[in-house]
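Data first, discussion second: the structure below is written as structure tokens.
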Amino acid sequence: MAENIELPFLNTKISLFDLQNLEKKGFFRTIFIELLKADKIKNVIPNELQINQTKQELCLKYNLEQLKNKKDNEFIIHNLNKEIYKLASLKKLSLDKFSSQAEKIFKIRKDYHYDQYFYSLLRNKNKSQIYEFYYQIESNESSINNLSKEYSSGSEKSKLGIIGPVNLVNINPEIAELLKFSKDSVINDPIEINNEWYLIQRENFIPAKYSEYYKNQICMELLEIELEKKYEKEYLNLIKNKN
0 MAENIELPFL NTKISLFDLQ NLEKKGFFRT IFIELLKADK IKNVIPNELQ INQTKQELCL
60 KYNLEQLKNK KDNEFIIHNL NKEIYKLASL KKLSLDKFSS QAEKIFKIRK DYHYDQYFYS
120 LLRNKNKSQI YEFYYQIESN ESSINNLSKE YSSGSEKSKL GIIGPVNLVN INPEIAELLK
180 FSKDSVINDP IEINNEWYLI QRENFIPAKY SEYYKNQICM ELLEIELEKK YEKEYLNLIK
240 NKN
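Residue 77 in my numbering sits at position 78 of the sequence shown, with consecutive numbering throughout.
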């Protein structure tokens, strides 16, 4: 009979076959990381501000006033308070470990990940028609928004062609470059993307400013990366030692 593997954080053993099945389905990863989080924060005590901030963030996801059953209400509040304390502890842990790196990372990512843009879009497969629209907009005979509502081929036509707010990292690279180097309210020359012709006009640029929000976000992300690496290392060690 094959020898079982002893699992970290759990007072139990499991076969290699079952372990690999759990890992493929993502169950082992989830369990391991949650237990690792619990171990990491067992001696962490968040301050009142961190608890209150976390409470405000979480309470946006719940509407306790709609709960009619008092027993259910008390159950949810109890578990919500436990979740608040857990997340506040993770936030404190992440800040203690990574806050010195956060601003540098913010500056590196700012242009593409955090700055926001609104823009107007008109797209159509008819090149000559797009150029005609371009001349109409440039000469102030019409606006990109009115034309988009009538002639654009995408879902943006229902919103007068207006898209946003968006981060450059989440949109087509050619459009991202246009937005980054354009001026507000100035129509760009037509460009072709994936066999369609595009007119793009940047409407508003909102530069991101480093704040507690971004610091918390970056630090929590770095903590999650660290936990993922720990998981990968432990899982590989379990497999390696078994073999």
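For glycine and all other residues, C-beta sits at the position ideal for the given N, C-alpha and C. Quantities reported herein were computed from a predicted structural model and do not represent experimental measurements.
- Secondary structure of Val168 (DSSP, three-state): helix.
- With 16 or more other Cβ atoms inside 10 Å of its own Cβ, Pro45 counts as buried.
- Contiguous alpha helix (DSSP H) elements confined to the region 2-32 occur at 15-23, taking only those with 4 or more residues.
- Minimum Cα-Cα distance from Ile186 among the listed residues Lys208, Leu235, Ser141, Ile217 corresponds to Ser141.
- Excluding the 5 residues flanking it on each side, Pro189 has same chain C-beta neighbours closer than 8 Å at Lys126, Ile129, Tyr130, Tyr133, Trp196, Tyr197, Leu198, in chain order.
- When DSSP states are grouped into helix, strand and coil, Asn203 belongs to the strand group.
- For secondary structure counted as the beta strand (DSSP E) over 3 or more consecutive residues, the region 95-134 holds these complete runs in sequence order: 115-123.
- Counted as a single uninterrupted DSSP element, the stretch harbouring Glu140 is not any alpha helix (DSSP H), since DSSP gives it neither H nor E.
- In this structure, the CA atom of Asp110 is about 27 Å from the CA atom of Gly153.
- Rounded to whole angstroms, the gap between the alpha carbons of Tyr84 and Glu33 is 14 Å.
- The alpha-carbon of Asn51 is positioned some 9 Å away from that of Ala87.
- Take the alpha-carbon of Lys158 and the one of Ile238: they are about 54 Å apart.
- Here Cys58 is exposed. Its C-beta has fewer than 16 other C-beta atoms within 10 Å.
- When secondary structure is reduced to three states using DSSP, Ile44 falls in the coil class, being assigned neither helix nor strand.
- Rounded to whole angstroms, the gap between the alpha carbons of Tyr118 and Leu79 is 39 Å.
- For Glu155, there is no enclosing beta strand (DSSP E), as DSSP gives it neither H nor E.
- In its own chain, leaving out the 5 sequence neighbours on each side, no residue places its CB closer than 6 Å to the CB of Tyr234.
- Between the C-alpha atoms of Ser184 and Gln200 there is a straight-line separation of about 6 Å.
- About 25 Å separates the Cβ atoms of Gln49 and Lys106, ruling out a contact at the 8 Å cut-off.
- Between Lys214 and Ala37, the CB-CB gap reaches or exceeds 9 Å.
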